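Asks:
Residue numbers (our numbering), protein chains in the order written: chain A, 51 to 400; chain B, 49 to 662.
1) Between residue 99 of chain A and chain B, is there a C-beta pair that is closer than 8 Å?
2) Per DSSP, which residues does residue 219 of chain A bridge with? Please list them.
3) Beta carbon of residue 298 of chain B: closer than 7 Å to some heavy atom of the ligand NAD?
4) Should residue 393 of chain A and residue 350 of chain A be called a contact, given that it needs their Cβ atoms to be closer than 8 Å?
5) Does any C-beta atom of chain A lie closer than 8 Å to the C-beta of residue 665 of chain B?
6) So that I know if they touch, is there some Cβ in chain B lying closer than 8 Å to that of residue 306 of chain A?
7) Which bits of chain A does residue 249 of chain B rub up against, with CB to CB less than 7 Å?
8) Using a Cβ-Cβ cut-off of 6 Å (strictly less than) and excluding sequence neighbours within five positions of residue 629 of chain B, which residues of its own chain qualify?
9) Establish whether the CB of residue 392 of chain A and some CB of chain B are separated by less than 8 Å.
10) So, residue 363 of chain A versus residue 316 of chain A, is the Cβ gap smaller than 8 Å?
11) Between residue 199 of chain A and chain B, is any beta-carbon pair separated by less than 8 Å?
12) When the Cα of residue 666 of chain B is compared with those of B:610, B:606 and B:467, which residue comes out closest?
13) Can we say the region 195-202 of chain B touches the region 149-162 of chain B, given the rule of at least three CB pairs closer than 8 Å?
14) Under 8 Å between beta-carbons, which chain B residues line up against residue 143 of chain A? List them in chain order, please.
15) Can you pull the DSSP bridge partners for residue 622 of chain B?
16) Out of curiosity, what's the CA-to-CA distance linking residue 178 of chain B and residue 168 of chain B?
17) At least one CB of chain B closer than 8 Å to the CB of residue 371 of chain A: is that the case?
18) Would residue 655 of chain B and residue 635 of chain B qualify as a contact pair, given that the criterion is a beta-carbon distance under 8 Å?
19) If you check the beta carbons only, do residue 547 of chain B and residue 519 of chain B fall under 8 Å apart?
20) Tell me the rounded alpha-carbon separation between residue 507 of chain B and residue 540 of chain B.
21) Give me the Cα-Cα distance between residue 244 of chain A and residue 215 of chain A, rounded to the nearest whole angstrom.
22) Assign residue 275 of chain B to buried or exposed, taking buried as 16 or more other Cβ atoms, counted over all protein chains shown, within 10 Å of its Cβ.
23) Starting from the beta carbon of residue 123 of chain A, find every residue of chain B whose beta carbon is closer than 9 Å, and list them in chain order.
24) Would you mind working out which of B:186, B:627, B:300 and B:238 sits nearest residue 662 of chain B, comparing C-alpha positions?
25) Tell me which residues share the same chain as residue 295 of chain A and place their Cβ nearer than 6 Å to its Cβ, disregarding the 5 neighbours each side in the sequence.
26) Could you tell me which residues DSSP puts in a beta bridge with residue 78 of chain A?
27) Report back the beta-carbon spacing between residue 131 of chain B and residue 172 of chain B to the nearest angstrom; my notes put them in contact at under 8 Å.
28) Mapping DSSP to helix, strand and coil, what is residue 481 of chain B?
29) Taking the alpha-carbon positions, what's the residue 415 of chain B to residue 385 of chain B distance?
30) So does the region 207-227 of chain A actually touch the region 260-280 of chain A, counting three or more Cβ pairs closer than 8 Å?
31) Using a Cβ cut-off of 8 Å (strictly closer), state whether residue 322 of chain A contacts chain C.
32) Starting from residue 460 of chain B, find everything on chain A with Cβ-Cβ shorter than 8 Å and list it in chain order.
33) Tell me which same chain residues have a C-beta within less than 6 Å of the C-beta of residue 292 of chain A, skipping the five on either side of it?
34) Considering just the uninterrupted stretch of the alpha helix (DSSP H) at residue 95 of chain B, what are its terminal residues?
35) If we ignore side chains and look at the alpha-carbon of each, how far apart do residue 569 of chain B and residue 552 of chain B end up?
36) For residue 299 of chain A versus residue 242 of chain A, is the C-beta distance shorter than 8 Å?
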């Protein structure tokens, strides 16, 4: 039984990568977690031992379990996503809650602890939280009642509305009053109006859209299929698809990382029974296309430190215990490996 | 198959020729330790089991034995870990038939109510030769017990307790000179809405456990006939039905429900000779597990025969054969399995002080034969003087586990290429017994074990699949002691045990291996009891040391110590009726603890039991 549930969590799970947050010298002093890299550890199914580790690449220091360290209570959830918006860091647990902390010191600011089923990601718009949620499983482990939950304030509280969307919504992206939803199971980009809290437009795309990102001023959505991956540029003003690109990358998972040179690193996995993981590098703007830039097994998350030009590859090591992160230079040479928490799945470069 | 039946019939003939008319006044049960020289066996007294009659075998083993029980909540999945091995490395028997699910390869101790059994023994270490499949870390031997010539007996028992606990049991039996019957019915219910601190929520509020209600119903029937003094026929049936809400881990709000229905039946025929006993055993086990709407059913039938013969005065030998036929209809696959086993044992009582035993087993399952599963052992009385005796016990043996049906056939992910898990175990122990007014029994055992091909389910992309990847080196020390004395009109008894268990995972880091997850290095328990004129008071405690939550330098769960206290009075009588009364306080100091990470456990609770005995 457990395996059925275990299976569900990984294919479309997202890695999160956010552009480094610049804080001016005349603003408030940097907190101890405002620099460095936050390592997201999903945790193991049934254990709820997800946590965040902090890594300082300059000193090589790793601080474990920083949510628990700063709040004297365990995170107690499977950590699906880390979202830094509105000077708040949102820790989204797919076990049914969102914890909100101050990004500098990780002290709790609030939470959403009820009204959610399997939240995946979050975006803020018009002073509200929008939380994508698979909804409950039905008897066949399908999720026909997926939604985006709306919470009235940026510091959490009660879910005041659930906006029905297509099955298995993943990443969210807010622009002005619009919230873009990556509807992964049915290949839809649903656009919500944050004021009316209604779906105002639906765009059809190929594959399973899983991740939004910005490159060269455009909003893109990354979508995966068995044998191909797709990138769609979206027009944020008139809510249309501007252009699209496709690449023959088989067995891509939903996880990507963006280099400072417009390169995109994609995680691939052949899955059971051969089971080979790999990283493919490509660019939307030139002819770069390097299949199998790295190969291995157990790859579970990707990150990129644009400042140091280093690629972070997370290895879940079978979820038996602590995972491992390998840090590579752009030429593929290894910088170092770190022992991290259970199920390392993504990075937030501060 | 033909071979198995040939062995049966051959053994049958030989046994019959040796048969002499010898009246058996007891219902026969072959003793567990007959060929287990040098091995550690702990037998529990009936009174110890009675004190746990409202609780599960998981609670009993956790609190009264050196076994660590991984409990996923109160009344939830509880699996044993002997000597740092996994739940699947423990063979569990009831009246001699294996109970472990053939699809999961383990048993849930929470749905083995102590109420249903009359005797329990635990055996430590790998002993594939004596007990067969899955006896790697140890084995648990449960049984019912009937007797001849006891007339009519009846027992009604009602327990009420905290968090909606209501247990009722009725048993009635009649036994004449050559016939015995005993029927037991029980219902165990717990609302299980105990308060706990929810660590997953801001402010860690105290909430009541939700979705944790459990209910079990059961029926146990025992029958025994003595046939002309030369033979006995025994039959037992055990039906247990459990309907449990599955208490979610803190931070999750799952509302899973699990139904388990288990049928176990065993039929034994014993033929007694002057120096031999021939046994034919037939067993049937049907397990149905429904998790939410996912149904899983397995059935196994076994037929076995053994012949136990004492040649001359000093030699005892045993030959046996067993065929097991299993079928699984699981939610994702259907599969069958057959196993054929032959086993031989010999014991040589060299002198009054020295006895040696050797055991051997051959086991085959589809596509594979395991021809050589040996075990040897020795008991040596080193010294005996006055009231004291010192006994040296040493043994070595191998253990073996056939990959389960799920391991091989689960779809997707099952791995038909899996190799069996294997272990080697050696141990040496010293027993010091003192007879007399102040009597004691103390034992100290050192063991070493290596387990190879340990099967672990790991993700292969999005699919989890089992692999023979883990190798573990275990060693440890087990102390057990018991003392009895009288002071005035009070009879005192003290018991204690301490276990040091090192189980190093050589898989992830061979140079600097770490302790296996959820395997405490230190564990201890103790019990003090005073009794006078059928009034008794007891105080007991158990300690479970630190556990790692995962492999590597992962999170550590702190150790905990709990105390229980109880009083009982069995002097209340009216005519032929007796009314034993007992009261227990569990987790006396209201300690907040978790056995497994974020699995809430109940604080202080009470149980009041009133029985009526005829």
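Virtual Cβ for every residue (Gly too), placed ideally from N, Cα, C. Remember, it's a predicted structure, so these values are computed and weren't measured experimentally.
Replies: Here's the rundown:
1) yes
2) A:233
3) Of the ligands one can find in the structure shown there are none, so the ligand NAD has no counterpart to examine.
4) yes
5) Within the shown structure, residues of chain B are numbered from 49 to 662, placing residue 665 of chain B beyond reach of any answer.
6) no
7) 163
8) 617 and 658
9) yes
10) no
11) no
12) No statement about residue 666 of chain B is possible, as the shown extent of chain B runs from 49 to 662 and does not include it.
13) no
14) 299
15) B:625
16) 17 Å
17) yes
18) no
19) no
20) 54 Å
21) 14 Å
22) exposed
23) 247, 248, 249, 250, 251 and 252
24) B:627
25) 281 and 334
26) None, per the DSSP bridge assignment.
27) 6 Å
28) strand
29) 11 Å
30) yes
31) Reference to chain C is not applicable here, since the protein chains of this structure are A and B.
32) 322
33) 283 and 285
34) 94-99
35) 11 Å
36) no
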